[in-house]
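Enquirer: Let me give you the structure first, and then I'll get to my questions.
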Amino acid sequence: MLIINCPYCGPRPELEFSYAGQAHVARPADPSATGDDEWTAYLYLRTNTRGVHAERWRHARGCARFFNALRDTTTDRFRRDLSER
Amino acid sequence: MTGQRTTRGGRIDRTRPVSFTFDGRGYQGFAGDTLASALLAHGVRLFGRSFKYHRPRGLLAAGTEEPNALVTVSRDAARRTPNVQATQVEIYEGLVAESQNRWPGLGFDLNAVNSFLSPLLTSGFYYKTFMWPRFAWHRWYEPVIRAAAGPAHAPRLPDPDRYAQRFAHCDVLVIGAGPAGLAAALAAAATGARVILCDEQAEPGGSLLDEPAGTINERPAALWIDEALVKLGAQPNVTLLRRTTAFGYFPHNMVGLVECLTDHLATPAAAAPRERIWQVRAREVVLATGAIERPLVFPGNDRPGVMLASAARSYLHRFGVRVGSRIAVLAGCDEAYAAALDLHEAGPVSPSWPTSAMRRWARARRRHGLLVCRSLNAPPCWPRPVGGESAA
Amino acid sequence: MADATIRRIVGLPTAAWLESPLPATRFILRGAPGARAAAGEGFGLSLPETACRAATDGNRAALWLGPDEQLLLAPDGEVEPIAASLARALQGHAYSLVDVSHRQVGIGIHGPRAEWLLESQCPLPLNLRDFPVGMCTRTVFGKAEIVVWRPAEQVFRLEVWRSFATYVAELLREVDRESIA
Ligand SMILES: [Zn+2]
């Protein structure tokens, strides 16, 4: 069970969090003008990073906020200083 | 190798006899005995049969590393625990234990015929090789193979026991309450840190329990343990968990412990949970788990009567059981020399094969008049002596 | 039904630690800092801006649940006056105010064993150093989501959604059984 640093509440057990996928995946601004390939990429294509990965977490059973965090996927260590609101 | 109880010594309480049964036969041990030590004291050699070939199996070890002596312990029809190590079962008044993998009885086992077929049943052999012809699997092979295979039978009734769980947080978690673990816990507790110290045994002390002649800081081992426990017990920041096994080390210093609460009791309270799972989050984790002696590999090393030297010492010093009357010690490390000397003091030991030349052991050996042989008749897979001593 | 369960526990000889169900007036307030400041004036105490801390005044309390979310607690039966007073104070602000008085059940746990009881199923460290007096947070107890607040050293107050209250109460009773044995 990981310790995850909520930028609002501080370090808390993983039980209180839900994972919300890769961070910085922007929804195309104009879906009707977006081609199939770009839409597919937005919906389905994600990186499978070996190393530091930017991802979203939600402190679902805490302050209920989403936030971004950097986690090293090889060690499960979070870059504590880099969690952002 | 037929064990017998020594007249004194060991950490058992000889004033408190405990009666139990093994395969329907009544035995008596003492408080502090394990099922293994109590049966060994009665000369029991055969503890079970192997899973596939049903070869006879005896005790190899004295602790949690025991691979052979798997037994079923039952309190009633629903409280029936298969596959527990006889070395880990503390006896209590009325304990009922059974051996496994034998039919109709442990001494005469029809399935041991697999031993004669063993050239056909290689170690990678898969039972479904019995598939052909196709219809025969369901009709002939499967029922017999299913009956013969499987180490034991699970109870058919629902488990009536309660199981507790608990989160805990500490600065230092020490796993193992042997000399290193106790010292680590003492040092950590002295700084005011919150300490959890766990040990899988009923009695803290670890390898020191097998070393009554040992000293720490010029204090006899047993006394040093007692003093350490008194000191730790007086500290409110220390939690000592006995009969508690650390079973998993998870990310970010989360360690899973399972604490056995009632399995050693003759009459547990009705509301008492049987086990408690601890999820401990520790700032620092100290692994003081000690070492397990590695067995040597040679043909027939699974036969009853072949035992680790450390186990023989443990049975002698901790449980007051001498593992045999005629003992050969195959030395691969210090432990074996110490075992040879200790066992020799409790009765004659012969012969012993040295595989490494350690002068101080050689001197000690001569001083004690121990018979030592070169490994002339050792099977070729045994290690050759390196500059070995000649027979003394 | 949940309340009935808890009353039954209170009747247990060993359950001196469990306070009867705590009926209360409860509101969830959500809003920006300006709205929270205004609500404080309407409620009669300034709402806590520090994460995971509660503010109390007399028999009223405000618990920080999230950066824009507060749980307001007051004695039972004060829904109308408090709602009216908050509506007046919050005029001109964007906010949401929801009466959750009957959504939740309050459970009080008292005594030297309170911390021990809760740590059985709550993954947070509840010792005084890590969970000081005045701290409150949403977290979990077993499989249930709870709000836990420590108004005094040996007092915890849980706020549990009604449908989970039976579960939490039974689980507390189960843990308490460990100490009988
Ligand atoms: Zn949070």
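Chains as they are written, first to last, in my numbering: chain U, 1 to 85; chain X, 1001 to 1392; chain E, 2001 to 2181.
For every residue, glycine included, the Cβ atom is placed at its ideal position computed from N, Cα and C.
Could you name the residues of the same chain whose beta carbon sits closer than 6 Å to that of residue 79 of chain U, not counting the 5 residues immediately before and after it, in chain order?
Expert: Around residue 79 of chain U: 70.
Enquirer: Taking only the alpha-carbon atoms, compute the straight-line gap between residue 2046 of chain E and residue 2105 of chain E and give it to the nearest angstrom.
Expert: Going from the Cα of residue 2046 of chain E to the Cα of residue 2105 of chain E covers about 25 Å.
Enquirer: Which residues end up in the neighbourhood of ligand 1 when you take C-beta atoms closer than 5 Å to any of its heavy atoms?
Expert: Cβ atoms closer than 5 Å to ligand 1 belong to U/6, U/8, U/9, U/59, U/62, U/63.
Enquirer: Residue 1259 of chain X and residue 1240 of chain X - do their beta-carbons sit closer together than 7 Å?
Expert: Not a contact, by the Cβ cut-off of 7 Å.
Enquirer: For residue 1200 of chain X, which of X/1090, X/1159, X/1186 has the nearest alpha-carbon?
Expert: Among X/1090, X/1159, X/1186, the Cα nearest to that of residue 1200 of chain X belongs to X/1090.
Enquirer: Helix, strand or coil: which one does DSSP assign to residue 2050 of chain E?
Expert: Three-state result, residue 2050 of chain E: coil.
Enquirer: Using the C-alpha atoms, what's the distance from residue 2139 of chain E back to residue 9 of chain U?
Expert: Whole-angstrom Cα-Cα distance: 11 Å.
Enquirer: Can you check DSSP and say which residues form a bridge with residue 2031 of chain E?
Expert: Residue 2031 of chain E pairs with E/2095.
Enquirer: Against chain U, does residue 2115 of chain E count as a neighbour if the rule is that its beta carbon must be under 7 Å from one of theirs?
Expert: Taking Cβ atoms only, chain U never reaches closer than 7 Å to residue 2115 of chain E, which makes this a no.
Enquirer: If you follow the beta strand (DSSP E) that residue 53 of chain U is in, where does it begin and where does it stop?
Expert: Residue 53 of chain U -> beta strand (DSSP E) spans 52 to 58.
Enquirer: Select from the segment 5 to 38 of chain U all residues with a C-beta closer than 8 Å to any C-beta belonging to chain E, and list them in chain order.
Expert: The segment 5 to 38 of chain U vs chain E, Cβ under 8 Å: 8, 9, 10, 12, 13, 15, 16.
Enquirer: Any beta carbon of chain X sitting closer than 7 Å to that of residue 76 of chain U?
Expert: Cβ-Cβ to chain X under 7 Å: yes for residue 76 of chain U.
Enquirer: Which runs of the alpha helix (DSSP H), 4 residues or longer, sit entirely within the segment 1006 to 1053 of chain X?
Expert: Taking only runs of at least 4 residues, the alpha helix (DSSP H) segments lying wholly in the segment 1006 to 1053 of chain X are 1035 to 1041.
Enquirer: Cα separation between residue 2117 of chain E and residue 14 of chain U?
Expert: Rounded to whole angstroms, residue 2117 of chain E to residue 14 of chain U spans 21 Å at the Cα level.
Enquirer: Could you tell me the alpha carbon to alpha carbon distance between residue 2096 of chain E and residue 2073 of chain E, rounded to whole angstroms?
Expert: Those two C-alpha atoms are separated by around 16 Å.
Enquirer: Thinking C-beta only, is residue 1068 of chain X closer than 7 Å to residue 1152 of chain X?
Expert: In this structure, residue 1068 of chain X does not lie closer than 7 Å to residue 1152 of chain X by Cβ.
Enquirer: Tell me, please, whether the CB atom of residue 2 of chain U is closer than 7 Å to any CB atom in chain X?
Expert: Yes, contact with chain X.
Enquirer: Taking DSSP as the reference, what is the three-state secondary structure of residue 1351 of chain X?
Expert: Low confidence applies here, because residue 1351 of chain X scores a pLDDT of 44, under 50, leaving its location unreliable and the question unanswered by this model.
Enquirer: Hey, is residue 2011 of chain E's beta-carbon within less than 7 Å of any beta-carbon in chain U?
Expert: Residue placement at residue 2011 of chain E cannot be trusted, given a pLDDT of 39 that sits under 50; the coordinates are not used to answer.
Enquirer: Run down chain E in chain order and give the residues with a C-beta less than 8 Å from the C-beta of residue 1017 of chain X.
Expert: What residue 1017 of chain X touches in chain E: nothing, since even the nearest Cβ is about 27 Å away.
Enquirer: Does any CB atom of chain X fall closer than 7 Å to the CB of residue 2125 of chain E?
Expert: Yes, residue 2125 of chain E counts as interfacial toward chain X.
Enquirer: Straight-line CA distance for residue 1148 of chain X to residue 1053 of chain X?
Expert: Unreliable placement is indicated for residue 1148 of chain X, whose pLDDT of 49 sits below 50; the coordinate value is still reported in the next sentence. So the two alpha carbons sit approximately 10 Å from each other.
Enquirer: Mind reading off the beta-carbon distance from residue 1316 of chain X to residue 1322 of chain X? Whole number of angstroms is fine, and I expect it under 8 Å.
Expert: Yes, they are in contact, since the Cβ atoms of residue 1316 of chain X and residue 1322 of chain X sit about 6 Å apart, within 8 Å.
Enquirer: Just verifying my parser: in three-state terms, what is the DSSP assignment at residue 6 of chain U?
Expert: Strand, per DSSP.
Enquirer: So, helix, strand or coil for residue 1092 of chain X, using DSSP?
Expert: Three-state DSSP puts residue 1092 of chain X in coil, outside helix and strand.
Enquirer: Got a sec: is the Cβ-Cβ distance from residue 2170 of chain E to anything in chain X below 7 Å?
Expert: So no, residue 2170 of chain E is outside the interface.
Enquirer: Which residue from U/53, U/44, U/62, U/7 puts its Cα closest to that of residue 27 of chain U?
Expert: Residue U/44 is the option with its Cα nearest to residue 27 of chain U.
Enquirer: Find the residues of chain X that neighbour residue 2178 of chain E, judging by a C-beta separation of less than 7 Å, and give them in chain order.
Expert: Neighbours of residue 2178 of chain E on chain X, chain order: 1164, 1273.
Enquirer: Considering only residues of the segment 1228 to 1271 of chain X, which uninterrupted alpha helix (DSSP H) runs meet the minimum length of 4 residues and lie entirely inside it, listed in chain order?
Expert: The qualifying runs do not exist here; there are none.
Enquirer: Is the CB of residue 2119 of chain E under 7 Å away from at least one CB in chain X?
Expert: At least one chain X Cβ lies under 7 Å of residue 2119 of chain E.
Enquirer: Which of the three DSSP states, helix, strand or coil, is assigned to residue 1003 of chain X?
Expert: The answer is coil: DSSP assigns residue 1003 of chain X none of H, G, I, E or B.
Enquirer: Within 10 angstroms of the Cβ of residue 1326 of chain X, are there 16 or more other Cβ atoms? Answer buried if so, exposed if not.
Expert: Exposed, because fewer than 16 other Cβ atoms sit within 10 Å of the Cβ of residue 1326 of chain X.
Enquirer: Quick check on this structure: which residue in X/1015, X/1305, X/1157, X/1198 has the alpha carbon closest to the alpha carbon of residue 1282 of chain X?
Expert: Taking only the C-alpha atoms, the option nearest residue 1282 of chain X is X/1198.
Enquirer: In this structure, does DSSP put residue 2175 of chain E in helix, strand or coil?
Expert: Helix, per DSSP.
Enquirer: Look up residue 2115 of chain E in the DSSP assignment and say whether it is helix, strand or coil.
Expert: DSSP places residue 2115 of chain E in helix when its eight states are reduced to three.
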